[in-house]
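What follows is a short report on a single structure.
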Amino acid sequence: MTTTSERVSEPLTQSASRRVSQSVFDGSRLRVVLLVNVYDGAQQQFLEAYEQLCSQVASVPGHVSDQLCQSIENPSQWLITSEWESAPPFLAWVNSEEHVQMVRPLHSCVRDTRSLRFHIVRETKGVASAGSAARRLQSAPRIGDGKIRHALTFTVKPGSEPEVAKILANYAPPEARVDATTRLCRTSLFMHGNRVVRAIEVEGDLLAALRHVAVEPAVRAAEEALNPYLEQERDLNDPEAARVFFTRAAVPAVHHVTSGQECPEAERHALYYPARQGCGMRLARLLAQQDEAAADDPGSPVCGSTIFQRDDIVVRLIDVRGDLDADPVLSLGLPDPAQAAELTTLLDGAAVGADGAALKGGDLAHFLTLARMALITDRRSSPDA
Numbered sequence: 149m150t151t152t153s154e155r156v157s158e159p160l161t162q163s164a165s166r167r168v169s170q171s172v173f174d175g176s177r178l179r180v181v182l183l184v185n186v187y188d189g190a191q192q193q194f195l196e197a198y199e200q201l202c203s204q205v206a207s208v209p210g211h212v213s214d215q216l217c218q219s220i221e222n223p224s225q226w227l228i229t230s231e232w233e234s235a236p237p238f239l240a241w242v243n244s245e246e247h248v249q250m251v252r253p254l255h256s257c258v259r260d261t262r263s264l265r266f267h268i269v270r271e272t273k274g275v276a277s278a279g280s281a282a283r284r285l286q287s288a289p290r291i292g293d294g295k296i297r298h299a300l301t302f303t304v305k306p307g308s309e310p311e312v313a314k315i316l317a318n319y320a321p322p323e324a325r326v327d328a329t330t331r332l333c334r335t336s337l338f339m340h341g342n343r344v345v346r347a348i349e350v351e352g353d354l355l356a357a358l359r360h361v362a363v364e365p366a367v368r369a370a371e372e373a374l375n376p377y378l379e380q381e382r383d384l385n386d387p388e389a390a391r392v393f394f395t396r397a398a399v400p401a402v403h404h405v406t407s408g409q410e411c412p413e414a415e416r417h418a419l420y421y422p423a424r425q426g427c428g429m430r431l432a433r434l435l436a437q438q439d440e441a442a443a444d445d446p447g448s449p450v451c452g453s454t455i456f457q458r459d460d461i462v463v464r465l466i467d468v469r470g471d472l473d474a475d476p477v478l479s480l481g482l483p484d485p486a487q488a489a490e491l492t493t494l495l496d497g498a499a500v501g502a503d504g505a506a507l508k509g510g511d512l513a514h515f516l517t518l519a520r521m522a523l524i525t526d527r528r529s530s531p532d533a
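The numbers in the sequence shown follow my numbering, run straight up by one, and end at 533.
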């Protein structure tokens, strides 16, 4: 588990670029809300499992506090809230294998859960807390496009890539309309070697969309067809096994920025940056800073960027006007070859010449070639769907 707490000296309010609709890097405190529906008669078992979890999470760097609340109307409904110094330490913990094992005792007594994460924008203090230390707050609300972005990744057995690509490219798309408020907007599938990345854009409820997709016959058939090729075995007919697989496969979006210009001609690309051990969040932050600066450049070929990160896996989804190779610096998002080599393993074995010579600027094009993912399919639904 990543244990480095993101402690930085920052002002109490953070500037929020109008072009950035989503970011975990502004230093604001984070409020996590977990809605839980407990099986009838399992309340005491749930309480004991929570107390065990609570004692473990208290030592996680970045954790501030948590509360457990039970509904006054329905004793099967519970609410867990926690506060964190900022989003990065929470994401490092919740996406870790330690977290997967830590919450396992809860699953036998919980029917359903829903996790919500919020940056703290404003707060009102009572008299009792007036003397408490000042806390970093986001300065202004972010304005987005109403879409939630999420990704899943997994690896397949080496040598099976052509067959896997064929399965992923040819299954029938699911029904875009989930319910009155939720719609699947776009699904983009890429491969890098034996790694598969599926990125989705959803209007409405992400959890409802994921559940909708999971039971679609064509999608289910494709997932079953993939099973023999997966490096990590799974059984989608076992709810617990499926939950663990998709928990491990989740790669949350940590930053999204657009140029603010209409780019109907833009093409979607994905770049995979395998970070050096412990450098995933640092690499994602650097890419976010570069993309935010590029968004203000009207000459930039990048119209929009979404960065997904989990542990040492970093994926950057970009919509680009023209040829991706025309400007390797902006397309790659890492203008310094030495810094790129420091943070990623892309050039391991070829980062320096036989004489140990340092990287040169021309190596950025080579970085771009190594990072580029192969597009399998990119499907968009009609806005009227």
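Backbone N, C-alpha and C fix where the C-beta goes; we use that ideal spot for every residue, glycine too. Since the structure is predicted, the reported quantities are computational estimates derived from the model, not experimental observations.
1. Span of the beta strand (DSSP E) holding Tyr420?
2. What does a CB cutoff of less than 8 Å around Leu523 pick up in its chain, not counting 5 residues either side in sequence?
3. Check whether the stretch 199 to 208 and the stretch 459 to 471 are in contact - that is, three or more C-beta pairs closer than 8 Å.
4. Quick check: the Cα distance between Gln249 and Asn243, rounded to an integer number of angstroms?
5. Pull the bridge partners of Phe194 from the DSSP assignment, please.
6. Return the chain-ordered list of same chain residues with a C-beta closer than 6 Å to the C-beta of Val312, the five sequence neighbours on each side being excluded.
7. Please name the residue in Ser213, Ala414, Pro400 whose C-alpha comes closest to that of Thr406.
8. Pull up the distance between the alpha-carbon of Ser319 and that of Phe393, whole angstroms please.
9. Any contact between the stretch 432 to 442 and the stretch 364 to 379? By contact I mean 3 or more CB pairs, one from each, below 8 Å.
10. If distances are taken between C-alpha atoms only, which option among Gln409, Ile455, Tyr421, Leu355 comes closest to Gly447?
11. Taking Pro253 as part of the alpha helix (DSSP H), name the residues at either end of that continuous run.
12. Could you pull the start and end residues of the beta strand (DSSP E) that Glu231 belongs to?
13. Would Pro476 be called buried (16 or more neighbouring beta carbons within 10 Å of its own) or exposed?
14. For Thr517, which three-state DSSP category applies?
15. Count the other C-beta atoms from every protein chain shown that fall within 10 angstroms of the C-beta of Gln215, then say buried if there are 16 or more, exposed otherwise.
16. By a C-beta neighbour count over all protein chains shown, 10 Å radius and 16 as the cutoff for buried, is Ser171 buried or exposed?
17. Using a Cβ-Cβ cut-off of 6 Å (strictly less than) and excluding sequence neighbours within five positions of Ala317, which residues of its own chain qualify?
18. In three-state DSSP terms, what is Lys273?
19. Alpha carbon to alpha carbon, what distance is there between Leu358 and Ile296?
20. Would you call the CB atoms of Val251 and Phe194 closer than 8 Å?
21. How is Val181 classed by DSSP in three states: helix, strand or coil?
22. Name the two residues that bound the continuous beta strand (DSSP E) containing Pro400.
23. Is Pro322 closer than 8 Å to Val361 when the C-beta atoms are compared?
24. Indicate the three-state DSSP secondary structure (helix, strand or coil) for Gly447 in the structure shown.
25. Alpha carbons only, please: which of Pro236, Val180, Asn185 is nearest the one belonging to Leu264?
26. Going by the DSSP bridge assignment, what does Ala466 pair with across the sheet?
27. Only counting the same chain, and skipping five residues up and downstream in sequence, which positions put a Cβ closer than 8 Å to that of Leu518?
28. Run through the DSSP bridge pairs and tell me what Ser171 is partnered with.
29. Given Pro513, which residues of its chain have a CB within under 8 Å of its CB, disregarding the five upstream and five downstream residues?
30. Helix, strand or coil for Cys202, going by three-state DSSP, please let me know.
31. To the nearest angstrom, how far is it from the Cα of Asp445 to the Cα of Ser479?
32. Return yes when the Cβ of Leu355 is within less than 8 Å of the Cβ of Arg262, no when it is not.
33. Expressed to the nearest angstrom, what Euclidean distance is found between the alpha-carbon atoms of Asp188 and Ser256?
34. Work out the CA separation of Arg177 and Lys273 for me, nearest whole Å.
Inspection of the coordinates gives the following:
1. For the purposes of this step, residue 420 is taken as the residue at position 272 of the sequence shown. Per DSSP, Tyr420 belongs to the beta strand (DSSP E) from 415 to 422.
2. The residue given as residue 523 occupies position 375 in the sequence shown. Here the set comprises Ser336, Leu337, Phe338, Arg416, His417, Ala418.
3. no
4. The sequence position of residue 249 within the sequence shown is 101, counting from 1. The sequence position of residue 243 within the sequence shown is 95, counting from 1. Distance between the alpha carbons of Gln249 and Asn243: 11 Å.
5. Residue numbering aside, residue 194 sits at position 46 when the sequence shown is read from its first letter. Answer is none; Phe194 lacks a bridge partner.
6. Within the sequence shown, numbered from 1, the residue matching residue 312 stands at position 164. Cβ within range, chain order: Val304, Tyr377.
7. If you number the sequence shown from 1, residue 406 lands on position 258. For the residues Ser213, Ala414, Pro400, the minimum Cα distance to Thr406 belongs to Ala414.
8. Position 171 of the sequence shown, counted from the first residue, corresponds to residue 319. Position 245 of the sequence shown, counted from the first residue, corresponds to residue 393. The amino acid at residue 319 is misidentified as Ser; the sequence shows Tyr. So the alpha carbons of these two residues sit roughly 21 Å apart.
9. no
10. On the sequence shown, residue 447 is found 299 positions in, with the first residue counted as 1. Comparing Cα positions, the closest option is Gln409.
11. In the sequence shown, residue 253 corresponds to position 105, counting from 1. Looking at the DSSP string, the run of the alpha helix (DSSP H) that includes Pro253 is 252 to 255.
12. For the purposes of this step, residue 231 is identified with residue 83 of the sequence shown, where counting begins at 1. Where Glu231 is concerned, the enclosing beta strand (DSSP E) stretches over 225 to 232.
13. Looking up residue 476 in the sequence shown gives position 328. Answer is buried; the Cβ neighbour count reaches 16.
14. Position 369 of the sequence shown, counted from the first residue, corresponds to residue 517. Here Thr517 sits in helix by DSSP.
15. Counted from its first residue, the sequence shown places residue 215 at position 67. When all chains shown are included, Gln215 counts as exposed.
16. For the purposes of this step, residue 171 is identified with residue 23 of the sequence shown, where counting begins at 1. Buried is the call here.
17. Within the sequence shown, numbered from 1, the residue matching residue 317 stands at position 169. Within the same chain, Ala317 has close Cβ partners Ile524, Thr525.
18. As a first step, residue 273 must be located in the sequence shown, where it is residue number 125. Coil at Lys273, not helix or strand.
19. Indexing the sequence shown from 1 puts residue 296 at position 148. Indexing the sequence shown from 1 puts residue 358 at position 210. Cα to Cα, the separation comes out at about 12 Å.
20. Stepping through the sequence shown from its first residue, residue 251 is reached at position 103. Stepping through the sequence shown from its first residue, residue 194 is reached at position 46. No.
21. In the sequence shown, counting from the first residue as 1, residue 181 sits at position 33. It is a strand residue.
22. For the purposes of this step, residue 400 is taken as residue 252 along the sequence shown, with counting starting at 1. First-last of the beta strand (DSSP E) with Pro400: 398 to 406.
23. Within the sequence shown, residue 361 is the residue found at index 213, counting from 1. Within the sequence shown, residue 322 is the residue found at index 174, counting from 1. For Val361 and Pro322, yes; Cβs fall inside 8 Å.
24. Start at 1 with the first residue of the sequence shown, and residue 447 comes out as number 299. Gly447: coil per DSSP, three-state reduction.
25. Taking the first residue of the sequence shown as 1, we reach residue 264 at position 116. Cα-wise, what sits closest to Leu264 is Val180.
26. Residue numbering aside, residue 466 sits at position 318 when the sequence shown is read from its first letter. Looking at the sequence provided, one finds Ile at residue 466 rather than Ala. Per DSSP, His417, Ser453.
27. If you number the sequence shown from 1, residue 518 lands on position 370. Closer than 8 Å at the Cβ level, and outside the excluded window around Leu518, lie Leu494, Leu495.
28. Working through the sequence shown from its first residue, we reach residue 171 at position 23. BP columns for Ser171 point to His403.
29. By one-based count along the sequence shown, residue 513 stands at place 365. In the sequence under discussion, the amino acid at residue 513 is Ala, which differs from the Pro named in the question. Taken in chain order, the residues that qualify are Asp473, Pro476.
30. Within the sequence shown, numbered from 1, the residue matching residue 202 stands at position 54. Helix at Cys202.
31. Looking up residue 445 in the sequence shown gives position 297. Looking up residue 479 in the sequence shown gives position 331. Cα to Cα, the separation comes out at about 13 Å.
32. Here the question's residue 262 lines up with position 114 in the sequence shown. Here the question's residue 355 lines up with position 207 in the sequence shown. A contact, by the Cβ cut-off of 8 Å.
33. Position 40 of the sequence shown, counted from the first residue, corresponds to residue 188. Position 108 of the sequence shown, counted from the first residue, corresponds to residue 256. Going from the Cα of Asp188 to the Cα of Ser256 covers about 12 Å.
34. Taking the sequence shown and counting its residues from 1, one reaches residue 273 at position 125. Taking the sequence shown and counting its residues from 1, one reaches residue 177 at position 29. Approximately 15 Å between the Cα atoms of the pair.
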